[in-house]
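All remarks here apply to the structure that follows.
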Amino acid sequence: MPELPEVETVVRTLRPLLVGRRILNAEFGQLRVLRGLPSDTAQSLAGQRVVAIERHGKFIAIRLERGYLVVHLGMTGKLLVDAARTKWTHAIFTLDRGVMMFDDPRQFGRIEYGAELPARVVALGPEPLEVSLEEFARRLKERRSPIKAVLLNQAVVRGVGNIYADEALFRAGVSPKRVAASLRKDRVKKIFDAMREVLAEAIESRGSSVSNYVDAEGRKGSFQNSHRVYQRGGEPCVTCGGPIRRIVLAQRGTHYCPKCQS
DNA sequence: GTTGTTACCTGTACGC
DNA sequence: TGCGTACAGGTAACAA
Numbered sequence: 600m601p602e603l604p605e606v607e608t609v610v611r612t613l614r615p616l617l618v619g620r621r622i623l624n625a626e627f628g629q630l631r632v633l634r635g636l637p638s639d640t641a642q643s644l645a646g647q648r649v650v651a652i653e654r655h656g657k658f659i660a661i662r663l664e665r666g667y668l669v670v671h672l673g674m675t676g677k678l679l680v681d682a683a684r685t686k687w688t689h690a691i692f693t694l695d696r697g698v699m700m701f702d703d704p705r706q707f708g709r710i711e712y713g714a715e716l717p718a719r720v721v722a723l724g725p726e727p728l729e730v731s732l733e734e735f736a737r738r739l740k741e742r743r744s745p746i747k748a749v750l751l752n753q754a755v756v757r758g759v760g761n762i763y764a765d766e767a768l769f770r771a772g773v774s775p776k777r778v779a780a781s782l783r784k785d786r787v788k789k790i791f792d793a794m795r796e797v798l799a800e801a802i803e804s805r806g807s808s809v810s811n812y813v814d815a816e817g818r819k820g821s822f823q824n825s826h827r828v829y830q831r832g833g834e835p836c837v838t839c840g841g842p843i844r845r846i847v848l849a850q851r852g853t854h855y856c857p858k859c860q861s
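Per this note's numbering, the first sequence runs over residues 600 to 861.
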């Protein structure tokens, strides 16, 4: 599933293929991923040049001359360039060189278009790779939920999802069940460092290919081979050898080592 | 304002 | 082999 490292990889592969290109034509299906798109969107997009491609947490913002095409990949969404059309292709953008399409079997993704970035994208918390330790600590201090739920909350930091929350907490040695506001300063710093470390490593590995994730050129990532706890329930902990436990927390499968994460 | 719960959706794994 | 079922989870909407 696409989280910050996967979306960053998609954005990095899209940039050289899309920036400077002009949209000649846009075709949309009728499915829920397009809910709320004005009926004249295709006409609005036609003729516009791609100025830049930005990532805002897990949102991809394709900046055009007169607006933003904003894409969220959801669970199984893919933005592909020059790929084959499938029965789950919901949008096709014909460019002056190449074709970009949005494909999403599970239909948790979204496409929006407007003159400005959507308000809820602007309102997201800071980027975890840019936020200061002091700001991160301040945001945790005011949350009385389990730290796992807080890391998943996009209003606290943008871009962390289930995989990287589990992996960061394992590296920090902190139980996912600990109430965020109760964490001592040194624990917060461990989480802060681990979160940044795991995200940076995952970007370096071009993301984790669990489910059907591929980048804009159809290539898989490799960070799934470096997961230490995520989807390793029952397997031995890489540190102590004890079994990794799987629980449900914040309505999400949560994987941790009860011995190493206190 | 914060926190928790549910709906959305299909492919995959598994048991029988 | 074929069928039914459980499970995966990011966000929005809603309730408490």
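Cβ coordinates follow ideal geometry from the N, Cα and C atoms, glycine included.
In the three-state scheme derived from DSSP, where H, G and I count as helix and E and B as strand, Met600 is classed as coil.
Residue state for Val809 is assigned as coil, using DSSP reduced to three classes. Your pair Pro604 and Leu732 does not check out as a contact, with CB atoms roughly 21 Å apart and the cut at 8 Å.
Residues Ala849 of the same chain have their beta carbon placed closer than 6 Å to that of Ala748, with the five preceding and five following residues left out of the count.
With three or more CB-CB distances shorter than 8 Å, the segment 700 to 709 counts as touching the segment 664 to 674.
Restricted to the segment 777 to 850, the alpha helix (DSSP H) segments that are unbroken, complete and at least 4 residues in length are 784 to 803, listed in chain order. Counting every other CB atom within 10 Å of its CB across the protein chains shown gives Lys686 a total below 16, marking it as exposed. DSSP places Leu679 within a strand segment (E or B) once states are collapsed to three. The Cβ-Cβ distance between Glu734 and His826 does not fall below 8 Å.
Cβ-Cβ distances below 6 Å link Ile691 to Glu626, Met700 in the same chain, with the five nearest sequence neighbours on each side left out; the list follows chain order. Residue environment: Gly806 is assigned as buried (16 or more neighbouring CB atoms within 10 Å of its CB, all protein chains considered). In its chain, beyond the 5 residues on either side, Gly841, Pro842, Ile843 have a beta carbon closer than 8 Å to the beta carbon of Pro835. For Met700, the pairing in a beta bridge is given by DSSP as Leu679, Ile691. Setting aside the 5 residues that flank it on each side, Glu741 is surrounded in the same chain by Ala780, each with a C-beta closer than 8 Å to its C-beta; the list follows chain order. Bounds of the alpha helix (DSSP H) holding Asn761 are 761 to 771. The beta carbon of Arg795 lies closer than 7 Å to those of Pro727, Leu728 in the same chain, with the five residues before and after it left out. At the C-beta level, Val609 and Asp785 stay beyond 8 Å of one another. Of the other Cβ atoms in all chains shown, 16 or more fall within 10 Å of the Cβ of Gln753; this residue is therefore buried. For Val669, the enclosing beta strand (DSSP E) starts and ends at 667 to 671.
Using a 10 angstroms sphere on the CB of Glu715, the tally of other CB atoms stays under 16, which defines it as exposed. Per DSSP, the continuous alpha helix (DSSP H) segment holding Val720 begins and ends at 718 to 721. Between Gly817 and Ser804, the gap from beta carbon to beta carbon reaches 8 Å or more. Counting only residues of its own chain and dropping the five nearest sequence neighbours on each side, Leu623 has a CB closer than 7 Å to the CB of Ala645, Thr693, Leu694, Asp695.
Distance check between Gln647 and each of Ile659, Val778, Leu613, Gly666 places Gly666 closest, using alpha-carbon atoms only. Residue pairing by DSSP places Asn624 opposite Thr693 in a beta bridge. Following the DSSP letters along the chain, one finds Phe658 in no alpha helix (DSSP H) but inside the beta strand (DSSP E) bounded by residues 658 to 663. Rounded to whole angstroms, Gly724 and Ile659 show a C-alpha spacing of 16 Å. Burial is judged here by how many other beta carbons sit within 10 angstroms of a residue's own beta carbon; Asn761 has at least 16 and is buried.
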